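Undergrad:
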Amino acid sequence: MAFSVVEKKKDEVTSEPNVVPLCDVLLVLLIIFMIATPLIKKGIDVELPVAINTINMPENLEVVLSIKNDGTMFVGQDEVTMDNLQLMVEEAFLTASDPRLYLRADGDINYGKIIDVVYVLKDAGIEIVGIITEIKTDTID
Numbered sequence: 809m810a811f812s813v814v815e816k817k818k819d820e821v822t823s824e825p826n827v828v829p830l831c832d833v834l835l836v837l838l839i840i841f842m843i844a845t846p847l848i849k850k851g852i853d854v855e856l857p858v859a860i861n862t863i864n865m866p867e868n869l870e871v872v873l874s875i876k877n878d879g880t881m882f883v884g885q886d887e888v889t890m891d892n893l894q895l896m897v898e899e900a901f902l903t904a905s906d907p908r909l910y911l912r913a914d915g916d917i918n919y920g921k922i923i924d925v926v927y928v929l930k931d932a933g934i935e936i937v938g939i940i941t942e943i944k945t946d947t948i949d
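Read left to right, the sequence shown gives residues 809 to 949 (my numbering).
See below:
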């Protein structure tokens, strides 16, 4: 490496930026993003209707979408169809403080029906869907 020697006057100010603190900050940000990126979940995390482990749900579920085995759906106690599901969900969330929708579906329901419902929920702006499951009581020893 070749260095050039430049004579400086005592009153002359150098205009070269100090890049060491900038590099330190960039490295710290890089490390933070490398740690945080794998923790970000993509898509909607769902559970099967019967689960071994479940988490405690809030006592007051504000918006619950129930789907019976025959395909009939209810937002709260009100029966809905696929045509008015988005409107009814949007109305239910006008007064809700919890941003989550809880899905209570029959275990024998067609999986395609759940997918169709999730797409309608996505169009309604619902980003968090909680799946209500039964706790699996019988275990294989």
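Where is the CB? At the ideal position from N, CA and C, for every residue including glycine. Quick caveat: nothing in here was measured; it's all calculated off a predicted structure.
1) Of all the options F882, R908, Q885 and I843, which has the alpha carbon lying nearest to the alpha carbon of I939?
2) Buried or exposed, going by whether 16 or more other CB atoms sit within 10 Å of the CB of L834?
3) Nearest CA to the CA of V925: which residue from S823, V821, I839 and N892?
4) In whole angstroms, give me the CA-to-CA distance for G884 and G920.
5) Just to check my reading of the structure: M896 and D886 have Cβ atoms closer than 8 Å, yes? What is that Cβ distance to the nearest angstrom?
6) Could you say which of L873, D914 and I943 lies nearest to L929 if we only look at CA atoms?
7) Out of D878, V937, E898 and T822, state which residue places its alpha-carbon closest to the alpha-carbon of N918.
8) So, helix, strand or coil for E899, using DSSP?
9) In terms of alpha-carbon separation, which member of Q894, Y927, M881 and P846 lies closest to D914?
10) So for D853, helix, strand or coil by DSSP?
11) Suppose you measure from the CA of G933 to the CA of E899; what does that come to, to the nearest Å?
12) Could you give the DSSP three-state label for I940: helix, strand or coil?
13) Between the alpha carbons of V888 and I936, how many angstroms are there, rounded?
14) For E942 and A904, which I take to be in contact (beta-carbon distance under 8 Å), what is that distance rounded to the nearest angstrom?
TA: On the basis of the data shown:
1) R908
2) exposed
3) N892
4) 22 Å
5) 7 Å
6) L873
7) D878
8) helix
9) M881
10) Since pLDDT at D853 reaches only 36, below the 50 mark, its modelled position is unreliable, and no value is offered.
11) 12 Å
12) coil
13) 20 Å
14) Rounded, the Cβ-Cβ distance is 25 Å, inconsistent with contact.
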